[in-house]
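Just so we're on the same page, our numbering is the position in the sequence shown counted from 1, plus 164. Here's the structure, in structure tokens; my notes come after.
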Amino acid sequence: MKKTIPAYQRIKNAILDNIHSGKWQAGNAISTEMALAEEFGVSRMTVNRALKELSEERVLERRQGSGTFVAQQQFNHTFVEVRNIAQDLKSANRDYEAKVVSKRAVTADMLDEELRRKFDIDKDHGVDNSSHAPVLYEVKIIHFADGQPIQFEERWVDAHKVPEFMAQDFSVVNTSEYLIAKSPLERGSYTIRAIAAPDEIARFLQIAPQSPTLVLRRQTYSAGQVLTFVKMWHAGDRYQFSGEL
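Next up, the structure:
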């Protein structure tokens with residue numbers, strides 16, 4: 165049974181879609197509460213809740229007597245901190261390079277159970293529309309430090325929220341940096357595990373099969389839904405995670 169989306173959440177999703185598509189950009193005024201109430205056939209109280217939550221999430225900025233505006237996007241860098249391997253390596257004075265292994269659009273019938281669960285996609289998704297319509301975009305990238313592969317990235321992105329994702333050259337544009345610039349991220353979660361390298365991963369990282377790897381699995385959210393899910397495989401003897409408490 166398909167979940168019913170509350171009215172305030174539908175309004176939030178519509179506002180975020182307008183921001184993702186570029187219709188409303190940073191600093192632009194959005195539709196008034198009255199206009200949104202008429203458009204969605206709801207009370208102004210329902211609209212107010214949607215705008216209040218997006219303001220608390222730093223997506224919108226409400227100015228008394230002036231209206232509601234799209235917030236400047238720099239909040240994304242601090243509200244959800246996402247590590248960027250390109251910046252990390254360059255700041256360590258190491259030569260960085262990225263090689264795109266593959267890019268493709270993924271339809272609902274191509275998804276495994278993990279991706280269906282992550283993105284909350286039903287098995288019958290797309291029956292009413294074209295079964296060939298993409299629901300996710302997938303990209304696989306090898307990241308090099310001083311000519312040696314140090315990370316293999318497998319990433320999936322909601323095709324509806326970031327429609328221009330596939331047009332980017334990710335040998336030049338960093339995926340995390342691009343998504344932060346384009347999408348108002350709300351929150352994220354991650355895990356790190358030690359896993360013996362499968363044959364394919366070992367080949368990309370130029371290590372022996374079953375060698376130790378550190379795998380970071382991360383998902384970030386927008387409008388209460390997963391925007392992107394990524395697996396980052398690191399050669400265990402070439403990479404470590406560190407920080408300060």
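For every residue, glycine included, the Cβ atom is placed at its ideal position computed from N, Cα and C.
Starting from the C-beta of residue i, find all residues in its chain whose C-beta is less than 6 Å away, skip the five residues before and the five after it, and write them out in chain order.
| i | result |
| --- | --- |
| GLU302 | ARG268, VAL270, TRP320 |
| ASP259 | ASP310 |
| ILE249 | HIS307, GLN315 |
| ARG357 | VAL379 |
| ARG174 | none |
| GLU197 | ARG208, VAL211 |
| ASP360 | As written in the sequence, residue 360 is Ala, which differs from the Asp given in the question. Cβ within range, chain order: GLN374. |
| GLU317 | ILE305, MET396 |
| PHE243 | For PHE243, the predicted structure reports a pLDDT of 39, less than 50, and the residue's modelled location is therefore unreliable. The matter cannot be settled from this model. |
| ARG226 | SER219, THR232 |
Which residue's Cα is closest to the Cα of residue i: the options?
| i | options | result |
| --- | --- | --- |
| LEU380 | SER386, VAL394, ASN338, GLY388 | VAL394 |
| ASP284 | PRO327, ILE179, GLN383 | GLN383 |
| TYR354 | TYR342, ALA193, LYS282, PRO376 | LYS282 |
| PHE263 | ASP181, ALA360, ASN338 | For the sequence presented, residue 263 should be read as Lys rather than Phe. Per the Cα distances, ASN338. |
| ASN212 | HIS398, LEU200, HIS296 | LEU200 |
| ASN177 | HIS324, PHE233, LEU279 | HIS324 |
| LEU369 | HIS296, ARG402, MET198 | ARG402 |
| ASP322 | GLU221, LEU279, SER335 | LEU279 |
| ILE183 | ALA360, ALA345, MET396 | ALA345 |
| GLY186 | SER255, GLN251, VAL299, PRO327 | PRO327 |
| ALA272 | SER255, ASN257, LEU300 | LEU300 |
| LEU275 | PHE329, GLY400, PRO298, THR168 | PRO298 |
| PHE334 | ASP286, ALA399, GLN228, SER266 | SER266 |
| ASP181 | SER255, LEU391, ALA256 | LEU391 |
| TRP188 | GLY400, SER347, GLN389, ALA399 | SER347 |
Could you tell me which residues DSSP pairs with residue i in its beta bridges?
| i | result |
| --- | --- |
| SER386 | GLN389 |
| ILE371 | DSSP, once it has assigned bridges, lists no residue as partnering ILE371. |
| ILE356 | LEU380 |
| ALA399 | THR377 |
| VAL326 | Answer is none; VAL326 lacks a bridge partner. |
| ALA190 | Answer by DSSP bridge pairing: none, since ALA190 is not bridged. |
So the alpha helix (DSSP H) residue i belongs to, where does it begin and stop?
| i | result |
| --- | --- |
| THR210 | 208 to 220 |
| LEU343 | 339 to 346 |
With respect to the beta strand (DSSP E) encompassing residue i, which residues constitute its N-terminal and C-terminal limits?
| i | result |
| --- | --- |
| PHE204 | Careful: PHE204 lies outside any beta strand (DSSP E), inside the alpha helix (DSSP H) at 197 to 204. |
| ARG174 | Counting along the chain, ARG174 falls outside any beta strand (DSSP E), though it belongs to the alpha helix (DSSP H) covering 171 to 185. |
| GLU225 | 224 to 227 |
| PHE334 | Element bounds for PHE334: n/a, residue is neither H nor E. |
| ARG233 | The amino acid occupying residue 233 in the given sequence is Phe; Arg does not appear at that position. Counting along the chain, the beta strand (DSSP E) containing PHE233 begins and ends at 231 to 234. |
Quick one: what's got a C-beta closer than 7 Å to residue i's C-beta in the same chain, skipping five residues either side?
| i | result |
| --- | --- |
| LEU253 | TYR260, ALA309 |
| GLU221 | GLU350 |
| HIS241 | Residue placement at HIS241 is flagged as unreliable, the pLDDT there being 36, under the threshold of 50; a coordinate-derived value is accordingly withheld. |
| ALA171 | PHE204, VAL206, THR210 |
| MET330 | LYS267, ALA269, TYR301 |
Excluding five sequence neighbours on each side, which residues of the same chain lie with their C-beta closer than 8 Å to the C-beta of residue i?
| i | result |
| --- | --- |
| LEU224 | ILE179, ILE194, LEU215, LEU218, THR232, PHE233, VAL234, ALA235 |
| PRO362 | PRO373 |
| HIS296 | THR271 |
| ILE365 | PHE316, THR377, TRP397 |
| ASP292 | Because ASP292 sits at a pLDDT of 42, beneath the cut-off of 50, its placement in the model cannot be relied upon, and the point is left open. |
| TYR385 | LEU349, GLU350, ARG351, GLY352, LEU391 |
| GLY290 | Per-residue confidence for GLY290 stands at a pLDDT of 45, beneath the threshold of 50, marking its modelled position as unreliable; no derived number is given. |
| PHE405 | ILE356, LEU378, LEU380 |
| PRO313 | ILE306, HIS307, PHE368, LEU369, GLN370, ALA399 |
Return the chain-ordered ranges of every beta strand (DSSP E) run that is complete within the region 251 to 323 and spans a minimum of 3 residues. 260 to 271, 298 to 309, 312 to 322
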